[in-house]
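The sequence shown begins at 66 in our numbering and counts up by one. Report on the structure given below.
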Amino acid sequence: MQATWGGPVTLAGDALHPVIPSFGQGANLAMEDAQTLAVELRTWRQEGGEGSPADAFRRWEAQRLPRTREAQIGSFISGTRSYGKEKAAKSLQELDPTILAAHQERFHDQSALTDFLHEWEPSV
């Protein structure tokens, strides 16, 4: 999630963290994005709107990054099985090797990643 735009704009869902379609998590991540962003904006407003909405967006982006990064990496790895190594290899090559290694250590098999994705609970 690197911001390369300016002004009062943010991205969510596949526009921000695309995943391989066969991974089946694009819509789920988009709904998680919407829910967590709504909570951040509500909190910002309930706290009297101190600062700017951009502060709430930055908190939201920082909150979402670890989870969406893991889902994205998982989708790229899954894509090597679904689409062949050549098609997903480019996405994997663009990752920081230490981030990829940490992901592979944490999610040693597909069921560990599936559990991680299914255990998400919305904040209220």
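Here a beta-carbon is modelled for each residue, glycine too, at the ideal position from N, C-alpha and C.
Rounded to a whole number of angstroms, what is the C-alpha to C-alpha distance between residue i and residue j?
i: D79; j: Q169; result: 22 Å
i: I164; j: G139; result: 12 Å
i: M66; j: G116; result: Residue placement at M66 is poorly supported in this model, since its pLDDT is 49, which falls under 50; the coordinates still yield a value, given next. Straight-line Cα distance between these residues: approximately 22 Å.
i: P187; j: E97; result: 7 Å
Which residues bound the alpha helix (DSSP H) around residue i?
i: Q100; result: 91-111
i: D174; result: No alpha helix (DSSP H) holds D174; DSSP gives it neither H nor E.
When DSSP labels each residue in this structure, what does residue i get in the three-state scheme?
i: A77; result: coil
i: I142; result: helix
i: D147; result: The displayed chain sequence assigns Ser, not Asp, to residue 147. The answer is helix: DSSP assigns S147 an H, G or I state.
Within 10 Å of its beta-carbon, does residue i have 16 or more other beta-carbons around it, so buried, or fewer, so exposed?
i: L130; result: exposed
i: F172; result: buried
Determine, using beta carbons only, whether residue i and residue j come nearer to each other than 8 Å.
i: A136; j: L182; result: yes
i: T145; j: L94; result: no
Under 8 Å between C-beta atoms, does residue i make it to chain C?
i: A127; result: The structure shown contains no chain C; it is built from a single protein chain.
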